RNA sequence: GGAGGCGUCGCCUAGCCUGGUUUAUGGCGCCCGCCUGCUAAGCGGGUUGAGGGCUCAAACCCUCUCGCGGGUUCAAAUCCCGCCGCCUCCGCCA
């Protein structure tokens, strides 16, 4: 949700943002009109209400004829107040509904355009030169690490078992991620992965991508697609003290995604699955500090990429490909040798005050309270296994273990295929 | 799943039965000031949040806010209904 005051005072900025995203520009004028209607009906209600209260105050003191006069006048105004209140509530509701429509105002410098109009900020590391290229599933099966057949048998398409070194490798990635986060001052957090509707709505996931989300109907709860959701809800309706700097959390959780509408895409292996694990960074900070915090999250992601020794590039996502909550988004894509393309491994978004406003997260300042900014970023996921296996494969199907992961894998330097 | 209790401005708490002079009481904490070699104590004042009006901005004014949402009434923290959350006990399960 945008700041109503911003819409009122600088509608052109909102229009420009909507235009850059390729979304409705007219909505701004609809909002301005609805805001005008809302305020005028509110003023009318408040005027009548004040009058009603003034009369009500005189009634207990009055007697006889005077009291009867006051009572009849009170009765009259009571009906007027009721009508004015209903009108004001209706205007407010109309405004609230419209206010949810515009996406976040993009940060200056975000490339305009759609999915393919991203800007590559940098490319780091060399793509491996491989004599033979096996894809991650072939490698994973050879290592007895990934079993998608049994995953499908037990749970259906896009489910899998990680076994042996596969399970250990996932834990290694996630442990390295959480240790990195702790080292950077994040509070390690294991959040609930089922949340109430208002939390899911507040984070903006029930908008355009609502059919991506699993819903547990019997209990009216949603399964989260990322721990961003419970971490954003963690401080909902709270007033924070950010005088000591941003509040930073690193959530470790299972993530669930329906992947509706992605039929036939990434069907092989574990690139696109219904359930995976992720360590996610989440920061609450002052809006003025949000851009710096975004760079900090990106730097930590790059630190992780270096640690797992993957060639990658950083892209600045174009306006039209941002989620509705994000004002800017950087993705890190690792090289995927089997398909000779880049594969998204992390994504970090600056949501500015968009998410926090919906969730009622504010901070105390000298002059009152104000909405904070929220940011999130990936520090490790199950998908990283894909890039690690493929980039570090050797000719015989064994896989070199990056030094940073070895402590989490019993010191092993090499994962070898199971021949038996 | 069953029974009972509770939800008041950061924390604790009065008010609810018996609706209106309540601008929601008092304490703690916190902030400002006074006093005092310093500190503590003492004294005085301030201290929920949201929205709107006026304004360059403030001061100021108004409305809403006693878990949430309805209802009754001229008038609701107070009466009625529904919901949510927490606690205790019982049952069931791990």
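Numbering (the numbering used here), first residue to last: 34 to 453. Even for Gly, the Cβ is constructed at its ideal location relative to N, Cα and C. This one's a predicted model, so the numbers in the text were calculated from it and none came from an experiment.
- Between the segment 293-307 and the segment 270-285, the count of C-beta pairs closer than 8 angstroms stays below three; the two stretches do not touch.
- In the structure shown, residue 221 falls within a strand segment according to DSSP collapsed to helix, strand and coil.
- Between residue 51 and residue 135, the gap from beta carbon to beta carbon is short of 8 angstroms.
- Between the alpha carbons of residue 192 and residue 311 lies a gap of roughly 16 angstroms.
- Contact annotation: the segment 413-421 does not touch the segment 357-365, with fewer than three C-beta pairs closer than 8 angstroms.
- Uninterrupted beta strand (DSSP E) stretches at least 3 residues long and entirely within the segment 98-164 occur at 152-157, given in chain order.
- Here DSSP, grouped into helix, strand and coil, assigns residue 175 to helix.
- Remark: C-beta atoms of residue 405 and residue 177 do not approach each other more closely than 8 angstroms.
- Out of 368, 388, 90, the CA that lies nearest to the CA of residue 379 is found in 368.
- In its chain, beyond the 5 residues on either side, 193, 194, 196 have a beta carbon closer than 7 angstroms to the beta carbon of residue 180.
- With contacts defined by Cβ atoms closer than 8 angstroms, residue 371 and residue 408 do not form a contacting pair.
- Three or more Cβ pairs drawn from the segment 68-78 and the segment 110-121 lie within less than 8 angstroms of each other, which places the two stretches in contact.
- When only Cα atoms are considered, residue 110 and residue 282 end up about 53 angstroms apart.
- Inter-residue distance for residue 436 and residue 412 is about 17 angstroms (C-alpha atoms, whole angstroms).
- Within a 10 Å sphere around the beta-carbon of residue 232 sit 16 or more other beta-carbons, which makes this residue buried.
- Where residue 325 is concerned, the enclosing alpha helix (DSSP H) starts and stops at 323-340.
- Taking the Cβ atoms as the reference, residue 202 lies roughly 13 angstroms from residue 426, outside the contact range of under 8 angstroms.
- Taking the CA atoms as reference points, residue 260 sits about 30 angstroms from residue 57.
- Beyond the five residues adjoining it in sequence on each side, residue 255 comes within less than 6 angstroms, by CB distance, of 228, 233, 246, 248 in the same chain, given in chain order.
- Counting the other CB atoms within 10 Å of its CB gives residue 443 a total below 16, which places it among the exposed residues.
- One Cα belongs to residue 141, the other to residue 324, and the distance between them is close to 11 angstroms.
- Taking 8 angstroms as the cut-off, the Cβ atoms of residue 284 and residue 264 count as close.
- Its chain contains 221, 283, 285, 312 as the residues whose beta carbon lies nearer than 7 angstroms to that of residue 211, once the 5 sequence neighbours on both sides are disregarded; these appear in chain order.
- For residue 387, the enclosing alpha helix (DSSP H) begins and ends at 387-392.
- Beta-bridge analysis with DSSP links residue 368 to 375.
- Its chain contains 81 as the residues whose beta carbon lies nearer than 6 angstroms to that of residue 113, once the 5 sequence neighbours on both sides are disregarded; these appear in chain order.
- With fewer than 16 neighbouring CB atoms inside 10 Å of its own CB, residue 94 falls in the exposed class.
- The beta carbon of residue 160 sits closer than 6 angstroms to the beta carbons of 344, 368 from its chain, once the five residues preceding and following it are set aside; these are given in chain order.
- Here residue 296 is exposed: its Cβ has fewer than 16 other Cβ atoms, across all protein chains shown, within 10 Å.
- Where residue 436 is concerned, there is no enclosing beta strand (DSSP E), because DSSP gives it neither an H nor an E.
- The residues 314, 316, 381, 408, 409, 410, in chain order, have a CB closer than 8 angstroms to that of residue 330 in the same chain once the five nearest residues on each side in sequence are set aside.
- Annotation: residue 280 is outside any alpha helix (DSSP H); the continuous beta strand (DSSP E) that includes it extends over 280-289.
- Checking the DSSP bridge columns, you'll see residue 316 partnered with 281, 408.
- A Cβ-Cβ distance of about 16 angstroms is found for the pair residue 153 and residue 352, leaving them out of contact under the 8 angstroms criterion.
- Approximately 6 angstroms separates the beta-carbon atoms of residue 173 and residue 422; this is inside 8 angstroms, confirming the contact.
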